[in-house]
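As numbered in my numbering, residues 1306 to 1423 make up the sequence shown, in order.
Note that the Cβ used here is the ideal one computed from N, Cα and C, for glycine as well.
Working notes, beginning with the structure itself.
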Amino acid sequence: MIVQHTKMAINSLKSNKVRTFLTLLGIIIGVTSVTTIIGLGEGVKRQVNQQINELGSDLITVTAGKNNHNNDFSFFNPTTNSSSSTAKLSDADLEAIRSTPGVKLAGGIMLLDGSITR
């Protein structure tokens, strides 16, 4: 019975060559597309993980201002946080961070937004 079905399938494929070719072409394009997209996604994921690992697991960034907890992730960018434009960390804050047990290094950084004219 299986032999008869196999012969019938082969004869059907031979008699409909254009349909067989187009079906195979569609399958090849689909598999290639899915494989490419998955490969690109994994590559980007690996690159992001590598960049995060290069920062180190012991790095913490402290910014001034109040976190509004509205889950819009604006607290990752201090220039977009409305409270960070008025709140600043003082030298006393930096010294308090430096004197915290377990802190090896602490330094200040200032981010400014503006334009340069000649």
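Whole-angstrom distance between residue j and residue i, CA atom to CA atom
i	j	result
residue 1308	residue 1318	15 Å
residue 1356	residue 1421	31 Å
residue 1348	residue 1333	22 Å
residue 1351	residue 1415	31 Å
residue 1322	residue 1316	10 Å
residue 1399	residue 1358	25 Å
Under 8 Å between C-beta atoms of residue i and residue j
i	j	result
residue 1392	residue 1370	yes
Candidates the options, of which the one nearest residue i by Cα
i	options	result
residue 1407	1396, 1397 and 1364	1364
Three CB pairs or more closer than 8 Å across the segment 1362-1369 and the segment 1391-1410:
yes
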